[in-house]
Amino acid sequence: MEQKNLILLYLFLCSGLIAFPQDPEIVFKNITIDDGLSQNSVIDIAQDNLGFMWFATQEGLNRYDGNEFKIFPKSFDDITDPDNSKLGKLLIYRETLWIISKGGNLEIMDLATEKFKSVNYFGSSGIKIPPLSFIFIQKKGRIWMGTESNGIYIVNENFEVIQHFFANGPAGDKIVSGKINKIFKDNSGRFWILTKNGINVYFDEELKSYLEGVNSNAIIEDSDGDIWLGSLGKGLFRKPKDSENFHKVLKMGDGLEIPGDLTVESLFLDSKMRLWVGTYGNGLYLLEKYSKRVTQFMPNRRNPHSIGFQDILSIYSDSKGGIWIGTDGGGLSFYDESFKSFKILTTHNVPEDIAIEQIRAITTDDDGFIWYGTSGNGFARFQPSGNTFQSYHLKPYKDGINNYDRIVALHSFGANDLWIGTQSNGTILFDRKTDKIIKWFTTEAIQDNLLLPDDTVWCFLQENKHTVWAGSRFSGLLLIHREKGMIGQYFESRNDRENVRAIARINDSLLAVGYEKKGIKLFNTKTAHFQPLIQDFIANKLNEVEIKSLYYSNDLLWAGTSGNGLLVINLKSGNVQLFTDDTELPNNMIYGILPESSQKIWASTNRGIFSLSFENEKDKIEIKKLDLFTRKNGLQSNEFNTGAFHKSKEGILFFGGISGMNYFNPIDLPSRKNDIKVIIHEATVDNISLKNEKSITYTDRLELGYNQNSVALNYTGLNFLASEKLKYSYKLEGYDLDWIHAGTRKYTAYTNLAPGDYVFRVKLTDALTEETPVTSLGISIATPYWLETWFRLLLISLFLSLIYAIYKIRLNQILEVQKVKDTISSDLHDDLGSRLTTIHLLSAVSQPLFKKNRAVLKVLDKIDSEIYASTEALDEIVWNINNQNESLLDVIAKIRRHTSEIMESSNIAYVINTPEDLGKYNMGMQKRRELLLICKELVNNIRKHSKAQQVELKVFRENKMLSIVVKDDGIGFNLEQKTSRNGLSNLKNRVRKWNGYIEICSKLNEGTLIEIKIPFDKKKWYKVDRFLKI
39 MEQKNLILLY LFLCSGLIAF PQDPEIVFKN ITIDDGLSQN SVIDIAQDNL GFMWFATQEG
99 LNRYDGNEFK IFPKSFDDIT DPDNSKLGKL LIYRETLWII SKGGNLEIMD LATEKFKSVN
159 YFGSSGIKIP PLSFIFIQKK GRIWMGTESN GIYIVNENFE VIQHFFANGP AGDKIVSGKI
219 NKIFKDNSGR FWILTKNGIN VYFDEELKSY LEGVNSNAII EDSDGDIWLG SLGKGLFRKP
279 KDSENFHKVL KMGDGLEIPG DLTVESLFLD SKMRLWVGTY GNGLYLLEKY SKRVTQFMPN
339 RRNPHSIGFQ DILSIYSDSK GGIWIGTDGG GLSFYDESFK SFKILTTHNV PEDIAIEQIR
399 AITTDDDGFI WYGTSGNGFA RFQPSGNTFQ SYHLKPYKDG INNYDRIVAL HSFGANDLWI
459 GTQSNGTILF DRKTDKIIKW FTTEAIQDNL LLPDDTVWCF LQENKHTVWA GSRFSGLLLI
519 HREKGMIGQY FESRNDRENV RAIARINDSL LAVGYEKKGI KLFNTKTAHF QPLIQDFIAN
579 KLNEVEIKSL YYSNDLLWAG TSGNGLLVIN LKSGNVQLFT DDTELPNNMI YGILPESSQK
639 IWASTNRGIF SLSFENEKDK IEIKKLDLFT RKNGLQSNEF NTGAFHKSKE GILFFGGISG
699 MNYFNPIDLP SRKNDIKVII HEATVDNISL KNEKSITYTD RLELGYNQNS VALNYTGLNF
759 LASEKLKYSY KLEGYDLDWI HAGTRKYTAY TNLAPGDYVF RVKLTDALTE ETPVTSLGIS
819 IATPYWLETW FRLLLISLFL SLIYAIYKIR LNQILEVQKV KDTISSDLHD DLGSRLTTIH
879 LLSAVSQPLF KKNRAVLKVL DKIDSEIYAS TEALDEIVWN INNQNESLLD VIAKIRRHTS
939 EIMESSNIAY VINTPEDLGK YNMGMQKRRE LLLICKELVN NIRKHSKAQQ VELKVFRENK
999 MLSIVVKDDG IGFNLEQKTS RNGLSNLKNR VRKWNGYIEI CSKLNEGTLI EIKIPFDKKK
1059 WYKVDRFLKI
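Position in the sequence shown (from 1) plus 38 gives the number in my numbering.
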């Protein structure tokens, strides 16, 4: 009994049950001048048809794409007090932005060209438009122009006045004040005119008045048909649909009271029928009509997610439901329903005396309580339904323990038990119902059932209703019985201390144990033995990995490591995969792993938390989608902690970090919509920003010169939640073969593009969605004239003309030379022929005179022979020069003639066979000459050496070759016998010169057969020979 009382003294309930009324679900993302906004007073807000947000400030008109601001030099009025409000205005109409700039001046911006046009006069009347305060455009094109003191002008699209309502007007046009604050059209078609002195309602050409003397400033209609009205200095009013009167709204149910003197600048009704009331000086009110709940939001310096400033000037909802709040000094406050998905506990929404920073352990119980342990400030209990907290602190169980209040493990089981693991201060079994310690297990306990070998326990895993597994700092794996104390201690090896950081159940008899310095081991609970995780060589590598967390499902063991990324081990196949920040992960420090489904996990890191959707294909994990969530999404911080993760029975995921805790149900998280459009907002050509008549955003095609072949494009996805996390893919059709993944990079450049037509396409990368919107931009690079077809044809024509001209010049030169040759040959023939004829006549005359002198007659016969030979040689020379005898048929005829003369003069019988159709085949001049010489050589050899009585000569065509066959019946000769004569050798050389061949068959005393084949020339599309004829 004394021991139990002593234990109870160690526990202090340091604070009672504390309720914290502030709504933890509404958090804001604040955007200020530090984020690129031109000035922190945001007067009015609009969104164009592409999705860009527009903000009017005192100094600058801002266009925002979720990532960057583009600022236009325009200023706007910003005057608000209980008696007067003079604020600039923005209005999107088709592809134009209408603004009321400083001084009440109307300007219209063409969004495509980004050019402004001032509207100063009513049509062509020359009457100046007075300073404006509001503008409203009907669908019919009728424009309602509210002024500062001249009432309302209704004009057409040419700004010609159709109707004028003013304070001193006739009965049908008289309104209660010339100072117009707002014009609003309700669902019934009534026009509400809010003025400084009350309200006019215009319907069916009749005017009706309400709230005379009230400086009405803001108006909205809810889905029930009720009209809500905000005033300057006189609070909030409501007119039910079935009532003719407005009633001041001071309270809704038992909720927060609403001051009756509020200065209301703006009203907005969201899809949940919540009325957002923006006031000047009193922050933002949120009225929930059906639940009668009223919440006020004021700036809180301790909370970066609170409203940016207490003076609210404008409230606007974008096309995706995001709510933008413009403040007068705090910039923009942005709210999205997805921010509610991540519920948060930090010092900003937790009582000051409740520790919430440096969370190290989390668990939940069956009663709906959340329990969490801190790094030095004990543990606490939080009840979400009542928004209440209770904290607990420990004292050291012995002297000398420094960080005795550090809770590093929590585990709830059954109706009452809460297991508490501390760092160096023992292990505690705590009764959740009575808030009392049941047992305190330490290394110095007197009782055996309270004795543990280690005072630090990092993690717990329930074995059955009586026992839990515990991972200790120095003493390995422990099995603790709630009554008997430690009933098992297990070491993988006794060689060193074993620091167990994580335990996961594989099946009924197998555990996975993660160590700080020994990787992962498998422990069989039936045999109480450890076994290798997988193959030894892989296991050895894993020994060096420090394990932070383990999760097992469907044969896959997931391990979070300290700086080595996310490890996945397929226990069935042995396949091991490691994912790091070099592949998909945002960070290599994986603190905790929790499942959402069989194909999706969540993990905490030093860069936020991420969800990972995967498929296990052929024993290999393929990441299908990875989404990162950071502080910008409403997390407590980007940095989380070891051991601070938990999944409740209801599927709620908990992650704790350095600044608090986030908890959420994954199914409540809005999935990223696939209709996020990618906008191309800047084009650079040859490192010079492209300035066209139309903005690149509104351009479908770029027409570039041939020397503008380096193009860079900047693009972004219009997303205001976390644009920095969007990933892109792009492709230049005509250049890239496939989509290129750019990651989060929003810039693409191409250099030295060839002339031609291209299409640049860019989209968001979403592996789970095959169809995502694609933005396209045509790019046409002109072809330089020297690459045009007509220019190439011209060059070819000029080149061919040049070749032809050179050819003609050369041909003329050849013809001139030929003329000279012909003249010389003619003269030579005539002169020498005449002289040889004279000699021959003298020889013939002299022969009768020397009949008796045989020696002289012999000389004269010799002279006749030489004259004959000389005449033949002369004819041959002249024939070679004269091109008129150059045809193949002429050559063959000459061969016949020469053969006949030789054979007849030698009294040798002969037969000559030549076809008549050889004239149609081609054979060059030189080849024809060689052919004649070959035949002469053959005939002369027969005459001189063969002693033949019969000779046969055949000339014919065979297989595209000219064949010459000469056969005699002479004495023949020995082909193998060497001779000093060169005739046969010369004959072979002549034939081979023209790629022909010669075959000689000869037998002694039987005759000789010689066959020669010379190829014809290929046919040409032109014939040079005809140019050589004269």
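From the three backbone atoms N, C-alpha and C, an ideal C-beta is built for every residue, glycine too.
Where residue i falls, given that 16 or more other Cβ within 10 Å makes a residue buried
i, result
"Thr807", "Residue placement at Thr807 cannot be trusted, given a pLDDT of 46 that sits under 50; what the coordinates show is reported in the next sentence. Burial call: exposed."
"Lys556", "buried"
"Ala792", "exposed"
"Ser162", "exposed"
"Tyr987", "Rather than Tyr, the amino acid found at residue 987 in this sequence is Gln. Per the 10 Å Cβ criterion, exposed."
"Arg966", "buried"
"Leu751", "buried"
"Thr735", "buried"
"His285", "exposed"
"Pro570", "exposed"
"His449", "buried"
"Tyr191", "buried"
"Tyr1035", "exposed"
"His431", "buried"
"Gly227", "exposed"
"Ser835", "exposed"
"Gly681", "buried"
"Trp824", "exposed"
"Cys973", "buried"
"Leu1042", "exposed"
Bridge-paired residues (DSSP) for residue i
i, result
"Phe678", "Gly695"
"Leu129", "Trp136"
"Thr477", "With the sequence shown as reference, residue 477 is identified as Lys, and Thr is not the correct amino acid for it. Lys477 is bridged to Leu467."
"Glu741", "Ser818"
"Cys1039", "Leu1047"
"Thr599", "Ile585"
"Pro1053", "Met999"
Test item: CB-CB of residue i and residue j under 9 Å
i, j, result
"Val214", "Gly184", "no"
"Phe93", "Asp103", "no"
"Gly646", "Ile628", "no"
"Pro624", "Phe652", "no"
"Met290", "Lys234", "no"
"Tyr410", "Gly694", "yes"
"Ala540", "Val551", "yes"
"Gly459", "Val495", "yes"
"Leu245", "Asp211", "yes"
"Ile382", "Ala418", "no"
Where the beta strand (DSSP E) containing residue i begins and where it ends
i, result
"Phe994", "988 to 996"
"Lys289", "Counting along the chain, Lys289 falls outside any beta strand (DSSP E), and DSSP gives it neither H nor E."
"Gln96", "Element bounds for Gln96: n/a, residue is neither H nor E."
"Lys638", "638 to 643"
"Ser156", "153 to 157"
Span of the alpha helix (DSSP H) around residue i
i, result
"Val929", "926 to 943"
"Asn78", "Careful: Asn78 lies outside any alpha helix (DSSP H) and carries neither H nor E."
"Ser376", "376 to 379"
"Lys965", "963 to 979"
The segment 306 to 322 in contact with the segment 332 to 349 per 3-pair CB rule at 8 Å: yes
contact_flag[the segment 285 to 305, the segment 114 to 129] where n(CB pairs < 8 Å) is 3 or more: yes
Inter-stretch contact (C-beta, 8 Å, three-pair minimum) for the segment 1024 to 1031 and the segment 930 to 939: no
Any 3 or more C-beta pairs closer than 8 Å across the segment 366 to 385 and the segment 64 to 83: Using a Cβ-Cβ distance cut-off of 8 Å, the segment 366 to 385 and the segment 64 to 83 are in contact, since at least three pairs of beta carbons, one from each stretch, lie closer than that value.
Sufficient close CB pairs (3 or more, under 8 Å) joining the segment 527 to 544 to the segment 475 to 484: no
Segment contact flag, the segment 514 to 528 with the segment 487 to 502, C-beta cutoff 8 Å, min 3 pairs: yes
Inter-stretch contact (C-beta, 8 Å, three-pair minimum) for the segment 591 to 601 and the segment 549 to 566: yes
Three or more C-beta pairs below 8 Å linking the segment 128 to 144 and the segment 107 to 114: yes
Three-pair Cβ contact test at 8 Å for the segment 414 to 421 versus the segment 706 to 726: no
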